[in-house]
Structure formats: C-alpha cells, structure tokens
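Student:
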Amino acid sequence: MKFFRLLYEEAGEGRLQLLIISLVPGIAMALVIAVVSTVTDYEQSEGLQWQLLAFFVLGCAVVLFTMNRALNAMTAIVAGYLSRMRIHIADQVRSLNLSAFENIGIVRIRNAVGHDLQTVEETAPAVVGLIYFTMQLIVSAIYIGYLSPTAFAVTMVFLAGAVYFYRRSYADAENLWRRASAGEAAFHKSFEHLLGGFKEVKLNSSRSEDLYANYIVARSELVEDLRIRSGRRFNHGQSISDVFFYALMGAMVFAIPHYVTDLSVPGKIITVIVFSSGAITSIVRTLPMVSRANLAVESLEALDEEFARRVKEAEKPVITEPASLGSGLTMRRLAYRYDARDGERGFSVGPCDLDIDAGELVFIVGGNGSGKSTFVKLMTRLYEPSDGVLLWDGAAVANGNVEAYRSLFSVIFTDFHLFDRLYGIDDIDPARVHALLKDMQLADKVAFRNGRFSTTDLSTGQRKRLAMIVALLEERPVCVFDEWAADQDPDFRRSYYEALLPRLKAEGRTVIAITHDDRYFHLADKLVWMEEGRIVRVDAPQRALADADDGPPLHP
Ligand SMILES: Nc1ncnc2c1ncn2[C@@H]1O[C@H](COP(=O)(O)OP(=O)(O)OP(=O)(O)O)[C@@H](O)[C@H]1O
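If you're matching positions, the sequence shown starts at 1 in full-length UniProt numbering and goes up one per residue.
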C-alpha cells in the first residue's frame, strides 16, 4: 500500500525505532489481557496476587508510555512530510512554464495541497492504532494457541473467513470511493464557477438554476450516492466479519469445552476474544481511512510525476543579475500551439518574424482572438516555442539563459494579479512610491507602509494603475502592457498614450503595448498587425510621420 510505504520512507533513519515503539504497546496490551483472563482461576483463599498485579500495572504503563511515544513520533513524521510537500509543490509550481501550469490546472494543485495532504495528515495517527491493535490480535492468538491448539485452529479458520469476506467488500468499496473522488473533483469545478462567477450567477436566475441544479446538485448527489454505496460495502464487510466473530464466540462457548480438559480455558479464551472484538472493530474502522489516504497518496504521486515530466531543470527559478537589452529582440519563424482539447486542434500562433529594437515603442494590434496575448506570452518566454528562434541581442534564448531573459520584462496582463506586497523589490524609496501613487491619482485611496500597500480593494481601473506602479518600480528594461488603457477614463487613457509611454521610451525602456485604441496608433514606432495568430503587417507610423515632415516620399 502506497500510504504505508510513504510513512515507512518518511520515517527515515528512525523507522526501526518507530516500528518497535508501535509494536510494543500491542504486545503489552495482549499480555495485560492475558493477565485479566486469569481471573477465572482466582481463588479467594490465595489472597491478593501481587505478582499478577505488578505485571498488570507494568503492562498498562508500558502501553501508555510507548503508545504516547509512537503517536508523537508519527505526528512529527507527518508534520515534516506535510511541510516538505507543500514547499515542494510550491517550488515545482514556480518551476513550471505557463503552458504546463495551465494544463495541470489550478483545481488539481489546490486539491493536492488542501484535500490530499490533509487526508494523509488525519490518517497517519490511525496507523499507530492499526499496528497496536494488529499486534494485540497476533499476541492474543498466540496466547489462545498456548491455551488450546484446537481453539487456536478454530479461531484461525473463523478469522480467515472474516478476512476473506471483508477484503471482497473492501475492494468493491475502494473502487466506489475512487469513483466518488473523481466525482468530487468535478463537483469542485462547478463550485468554483459559483464562487468565481458569483456576480454573473446572481444576475441571471436561469444560469444560477442551471449551474446549481444540473451541475452542483447533480454532481454532489452523484458523489453522495457513490459514497453511500461505498460506505455500505465497507459496512457489509464489517457485518460479515462480525458474523464470523459471533460464530467464533459460539464455538468457544458450546463446542470447545468438549475438546479441552481444563474447563477454565474456554472462559479465558472468551475473555481474550471479547477484548479482541474492540481491536477488530478499530481495525475495521481504520481500514477505510487508510484506503482514502492511499488514494490521496496516489493522487499526490501522480501530480508529482506530472511535475517531474513537465518541470524543465533549465526553467527552475534562479536569482539572476538584472538583465539589460542592448540591440533588441529578434523573432524568426517563432511559433506556439496550444494543446488539443476535446478533439479540437489547439489555436496556434506563428510562424512569426519580428524585430523589436531596444528603446522602441511597439503597438500590437488586431481583432479579438487574433493571438496578441498569446504572442506576448511566447515573446516573454512564458510559453516555450514549438518552433523557431528567439534572439536576445543576437544570442538565442535557450535553456541556460531563459530565466535571465524573462527578467527583462515587466508585464501587466489583462488578468493581472496584484500581490499584497512588493515581493522581490528591495530598497524601495517610499517617497518614490508616494509620488507614483500621486501620479496615478491613488494617493487618497492607497498608502504604502512597511513594504505593502494599505489596500487592493479598488475599482478595476484603479487596480490597473496600482499594477502599473508595481511595474514601474520593477525598473525592467522592457515593459509589456496588455490593453492596460481599456479600463481607464479618457483623461488617463490619453495621458497613458501621450505622456506615460513616451516617458518610458525617453527613459530608454522598450515598450510593447497591446491596444485597440486606433486614435493613438500614430504614436508607435512599430505597429504590428495580427490576424489569426500571424503577423500580417508591420507599419512604422513614427517614421512615416518623420518622412512626411522631411518632404514628399520618394515612392508614393
Ligand atoms: N489558455 C489557453 N488554452 C488554450 N487555448 C487558448 C488559451 N488562451 C487562449 N487560447 C486560444 O488562443 C486564441 C487567441 O487568444 P489570445 O488571448 O491570444 O487573443 P487576443 O488577440 O489577445 O484576444 P483579445 O483581443 O480578445 O484579448 C483564442 O481564440 C483561444 O482559442
């Protein structure tokens, strides 16, 4: 079982010690039960049996002490595993390239960090109990064998029957639980739509009803049905093992006395079996938990394998020196294709040929869905090209320099994320931040204290202005803005095109902006037209204007 293997591996050097302190309480408890069972031999005339009392007290003390140690050790192991896995998953996620991240999906990663790790954490202490009760049963069985080989043989036959039938039910139950887990993932997807699309759902009652009734309720009920069926199979297994158990008791009371000479033996055996019933019940209750933890470990391992397949060593984040752009960027037959989904071919961008000179102001324009954002993700090397070359100052962007290359860019995507603090930007001059807040007309809304903004609860346009402040503070040589002005009022929009972008250019930065604002197209050094994923034309409006100022063009 993967779950046990995981605990074994996580225990590391201390695994032998853990095994011993997990085995000891079960053995000690079985010995205590053996002492208790001798009550049938009790003779009042013999007085208090000091030896047995001492044995009893010592046994109980050993159980308490070693059980406590075993539980503490298991807690430490599992806490270490949890922390290590969380850190590992975060590290793997930041090492993925964007397409790998999109293909794995946020829901799956959240499920691993939340549900799967939590299941492992909750189940691990139960394993100590499982070992304890199993040992108790084994030693009790040996004790029964010592009292009467016949009774031992009968016990083993009944026990084998119970285990056989329980395992059959258990396998069915586990399959049903596996299907329930898959259904659970589908349910969470629908539920994410309810949370993420709360406003849209609130405003549209038929959407609300459809999402609720046909997806959330339907998927939840499917999971409910599978869980009930799975639970029933588990319970069925438990009931059958109980039948064997009662039959065993019956055999001890009504049959075994005919085969033993010492009539105190059946009484002792029954005492042991009665105690064992508690152990069997606990084991039977723990097994479904272990089964769920096993599925959780399977899913964590599958995710980890996917990470291993997709994380490219060369893409692992490394702290790089601030990069600079000397001559510019060159793209030759650069291409990218999204993976096919549901039998549909993925959208492709390219092959694209483009030169962006350092210090240029470049506008990328084109209809919706023409591939502008995808092209920018490819150019910034968030997506790995499926074909072609990308040159940075004449040198190919390849495995060794991709991290450094990415550090050229400050990007504001349309679906940008505002962080709670300025991660990775040291030595910030608060006066500079304050001046930028004033420039962006946010000074009365947002303050900058202790390295963080006082709030990010702002309007869409204001949030974008705050994102712009962060981008400017990064002081990267290339700024990329994806339809930044789309949510700004006309004044801000004008000052973005007529003041901010030219200022960035004047500072020597290269600016690449995706835009639909044709009234400002003339400001660009290069106007890159995209259609259906391809660059169909590149204009040079500023050069055209300069040429017009210099007199009539040579080739009208
Ligand atoms: N994460 C994704 N996975 C698969 N396909 C995608 C993904 N994102 C975009 N696409 C595909 O790429 C096409 C181009 O999308 P893209 O966002 O690049 O266009 P755009 O020109 O920026 O559009 P807009 O002007 O509307 O922002 C889309 O029509 C879609 O089919």
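The beta-carbon is built from N, C-alpha and C at its ideal position, and this holds for glycine as well.
(1) Note down, in chain order, each residue of its chain lying with its Cβ closer than 6 Å to the Cβ of VAL35, except the 5 sequence neighbours on either side.
(2) Roughly how many angstroms separate the alpha carbons of PHE453 and LEU117, rounded to a whole number?
(3) Closer than 8 Å to a non-hydrogen atom of ligand 1 - does that hold for the CB of ILE514?
(4) Decide if the segment 522–529 is in contact with the segment 356–375; the criterion is three or more beta carbon pairs, one per stretch, under 8 Å apart.
(5) Mind checking which residues open and close the beta strand (DSSP E) that includes TRP529?
(6) For LEU329, name the three-state secondary structure that DSSP assigns.
(7) Who are the Cβ neighbours of PHE214 in its own chain at under 6 Å, not counting the five residues just before and after it?
(8) Check for me: the alpha helix (DSSP H) holding ALA173 runs from which residue to which?
(9) Hey, quick one: how far does the alpha helix (DSSP H) through GLY237 stretch, first residue to last?
(10) Just checking, does the segment 346–354 make contact with the segment 496–507 on the three C-beta pairs under 8 Å criterion?
(11) Please determine if the segment 91–102 and the segment 171–184 are in contact, where contact requires at least 3 C-beta pairs separated by less than 8 Å.
(12) Sorry if obvious, but does the Cβ on LYS464 come closer than 8 Å to a heavy atom of ligand 1?
(13) Run through the segment 463–527 for me and flag every whole beta strand (DSSP E) of 3 or more residues, listed as ranges in chain order.
(14) Could you check what DSSP says for LEU64 in three-state terms: helix, strand or coil?
(15) The alpha helix (DSSP H) spanning PHE3 covers which residue range?
(16) So who's on the other strand from LEU335, going by DSSP bridges?
(17) Measuring from the CB of GLY350, is there a heavy atom of ligand 1 at a distance below 8 Å?
(18) Are ILE228 and MET252 touching if we call contact CB-CB under 9 Å?
(19) Out of THR261, ALA180, ASP210 and VAL480, which has the shortest C-alpha to C-alpha gap to LEU378?
(20) Using 10 angstroms around the beta-carbon of TYR81, count the other beta-carbons present and answer buried if the total reaches 16, otherwise exposed.
(21) I'd like the list of long-range same chain contacts for GLY226, defined as Cβ closer than 8 Å, with 5 residues on each side in sequence excluded.
(22) Please find out if some non-hydrogen atom of ligand 1 comes closer than 8 Å to the beta-carbon of residue 629.
(23) Please state whether the Cβ-Cβ distance between GLU531 and GLY367 is less than 9 Å.
(24) Please identify the residue among ARG310, LEU325 and PHE234 whose C-alpha is closest to the C-alpha of ILE283.
(25) If you run the structure through DSSP and keep just helix, strand and coil, what is ARG452?
(26) If you follow the beta strand (DSSP E) that ARG534 is part of, which residue opens it and which one closes it?
(27) Between THR38 and PHE65, what straight-line distance do the alpha-carbon atoms span, to the nearest angstrom?
(28) Can you name, in chain order, every residue of its own chain whose Cβ lies under 8 Å from the Cβ of residue 557, other than the five neighbours on each side?
(29) Between the Cα of GLN238 and the Cα atoms of TYR166, ALA486 and ASP426, which residue gives the shortest distance?
(30) Which residue marks the beginning of the beta strand (DSSP E) containing ILE428, and which one marks its end?
(31) Could you give the distance in angstroms between the alpha-carbon of SER241 and the alpha-carbon of VAL163?
(32) Does VAL290 come out as helix, strand or coil in the three-state DSSP assignment?
Tutor: If we stick to the structure as given:
(1) Excluding sequence neighbours, VAL35 sits near LEU52, PHE55 and PHE56.
(2) The C-alpha of PHE453 lies about 33 Å from the C-alpha of LEU117.
(3) Yes - ligand 1 has a heavy atom lying nearer than 8 Å to the Cβ of ILE514.
(4) Yes: at least three Cβ pairs fall under 8 Å.
(5) Looking at the DSSP string, the run of the beta strand (DSSP E) that includes TRP529 is 526–531.
(6) Correct three-state label for LEU329: strand.
(7) For the record, residue 214 in the displayed sequence is Asn; it is not Phe. Shown here for ASN214: not one same chain residue has a beta carbon closer than 6 Å to its own, the five before and five after excluded.
(8) First-last of the alpha helix (DSSP H) with ALA173: 149–196.
(9) Unbroken alpha helix (DSSP H) run through GLY237: 218–250.
(10) Judged by Cβ distances under 8 Å, the segment 346–354 makes no contact with the segment 496–507, as fewer than three pairs qualify.
(11) With the cut-off at 8 Å, the segment 91–102 and the segment 171–184 do not touch.
(12) No.
(13) If we require 3 residues or more, the beta strand (DSSP E) runs fully inside the segment 463–527 come out as 478–482 and 510–514.
(14) The three-state reading of DSSP puts LEU64 in helix, counting H, G and I together.
(15) PHE3 -> alpha helix (DSSP H) spans 2–11.
(16) The residue asked about is misnamed: residue 335 is Ala in this sequence, not Leu. Paired residues: ASP387.
(17) No, the Cβ of GLY350 stays beyond 8 Å of every heavy atom of ligand 1.
(18) Result no, Cβ atoms of ILE228 and MET252 do not sit closer than 9 Å.
(19) Nearest option by C-alpha distance: VAL480.
(20) Around the beta carbon of TYR81, 16 or more other beta carbons sit within 10 angstroms, so the residue counts as buried.
(21) Residue identity check: residue 226 is Leu in the sequence provided, not Gly. Closer than 8 Å at the Cβ level, and outside the excluded window around LEU226, lie LEU176, TRP177, ARG179, ALA180 and GLY183.
(22) As displayed, the chain neither begins before 1 nor continues past 556, which places residue 629 out of reach and without an answer.
(23) It is a contact, given that the beta carbons lie within the stated cut-off.
(24) Ranking the options by Cα distance to ILE283, first place goes to PHE234.
(25) The DSSP-derived three-state label of ARG452 is strand.
(26) Looking at the DSSP string, the run of the beta strand (DSSP E) that includes ARG534 is 534–539.
(27) About 24 Å.
(28) The first residue shown for the chain is 1 and the last is 556, placing residue 557 beyond what the model contains.
(29) Cα-wise, what sits closest to GLN238 is TYR166.
(30) Per DSSP, ILE428 belongs to no beta strand (DSSP E) and is neither H nor E.
(31) Whole-angstrom Cα-Cα distance: 7 Å.
(32) The answer is helix: DSSP assigns VAL290 an H, G or I state.
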